[in-house]
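In what follows, a single structure is set out as structure tokens and then discussed.
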Amino acid sequence: MLVDSHCHLDRLDLAAHDGSLDAALDAARQRGVGHFLCIGVSVDNAADVKALAERYDDVDCSVGVHPLDVQPGAAPALDWLLQELNHPRVVAIGETGLDYHYEPEAAELQQASFRLHLQAAQQTGKPVIIHTRGARADTLDLLREAALPQAGVLHCFTEDWDMAKAALDMGYYISLSGIVTFRNADALRDVASKVPADRLLVETDSPYLAPIPYRGKPNLPQYVREVAEFLAMLRGEPYERFAEQTTENFKRLFPLAHVKSV
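Using the working numbering, read the sequence shown as starting at 3 and increasing by one per residue.
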């Protein structure tokens, strides 16, 4: 069984499934995907991801504010975040983090929001889901500053091995998406080959970043199978064992997730 550890079910392009989320999830289940983590990115979509987690037994969710969704002049309120995290289907915090690639001028605002999410993690013990782009040093500095006792994950990882190792040394997990299948992703494939087996997750980040051979098309949770098959082959591992290991890793990282045993 596979887990899509990071997907945006409220944002999927469902044209391939006649507009039906039920059909899209069934298509993934038929390919061996047994659980989905639907990710919060803003105050506005928190209700949507919670509703999806309530609707489907094999969906859990996170709540948080993506660095590119932080509103100018105001980080999200800690009281709001803590209240949202009380929901029984909210198993993680985020996605949060830093993205200087698109908004380098918002660095201070993003850092304030990231610190707030890390503070919520300290108070609740729930793991953090981290987005980082163009902000390697500051991301690692803030994670070291927080010194969380529980792990989190650097999702859709695209950085180099030095950053991966620094995160792994702090107890974090690495999650890989369809980007690892792209032709120009040799450096990322090097990272993928080195991450310890017990610290690796797979994801789609759907509807974004569809893996080859679907690159350029809307991504769907069913395509996490392509990501997993590619990584198993890259790492020289049997696919079945790779799927089992990454699912075990997901359950360890997100102990509150409602993952059914196979």
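Virtual Cβ for every residue (Gly too), placed ideally from N, Cα, C.
inquiry  = Let me make sure I understand the geometry here. Which of V229, V5, G154 and V93 has the alpha-carbon closest to that of P215?
reply    = V229
inquiry  = Going by DSSP, what residue range makes up the alpha helix (DSSP H) through H119?
reply    = A109 to T126
query = Does DSSP classify I41 as helix, strand or coil?
reply = coil
query = Relative to the alpha-carbon of N251, which residue among H37, R185 and D28 has its alpha-carbon at the smallest distance?
reply = H37
C-alpha gap between M235 and R191, whole angstroms = 11 Å
message = Looking only at its chain, what residues have a beta carbon closer than 7 Å to the beta carbon of A137, apart from the 5 residues adjacent to it on each side?
response = L100, D101 and Y102
message = Using a 10 Å radius around the Cβ and a threshold of 16 neighbouring Cβ atoms, would you call R185 buried or exposed?
response = exposed
task = Name the two residues that bound the continuous beta strand (DSSP E) containing R201.
result = No beta strand (DSSP E) holds R201; DSSP gives it neither H nor E.
key: Residues bridged to S177 [DSSP beta-bridge criterion]   = L203
key: For T141, the three-state DSSP class (helix, strand or coil)   = helix
message = My output table needs one value for V51: the three-state DSSP class, helix, strand or coil.
response = helix
task = Check each candidate in L211, I176 and G218 and name the one with the smallest Cα separation from S195.
result = I176
task = For the alpha helix (DSSP H) holding L255, just list the boundary residues, first then last.
result = Y241 to L255
inquiry  = Within 10 Å of its beta-carbon, does E205 have 16 or more other beta-carbons around it, so buried, or fewer, so exposed?
reply    = buried
Residue of Y174, D24, T183 and L111 minimising C-alpha distance to F232 = T183
ask   = In the structure shown, what three-state DSSP assignment does R191 receive?
value = helix
ask   = Is A18 near P220, with beta carbons less than 9 Å apart?
value = yes
task = Could you say which of Y210, A114, R13 and L80 lies nearest to D140 if we only look at CA atoms?
result = A114
query = Can you round the beta-carbon distance between V155 and L255 to whole angstroms, since I take them to be within the 8 Å contact cut?
reply = 6 Å
Minimum Cβ-Cβ distance from A199 to chain C less than 9 Å = Among the chains in the structure shown there is no chain C, since it carries only a single protein chain.
task = With a threshold of 16 other CB atoms inside 10 Å of the CB of N47, please say whether the residue is buried or exposed.
result = buried
query = Mapping DSSP to helix, strand and coil, what is H8?
reply = strand
query = What is the DSSP secondary structure of H133, reduced to helix, strand or coil?
reply = strand
ask   = For the alpha helix (DSSP H) that L23 lies in, which residues bound it at each end?
value = L23 to R31
ask   = Does the Cβ-Cβ distance between V261 and V35 come in under 9 Å?
value = no
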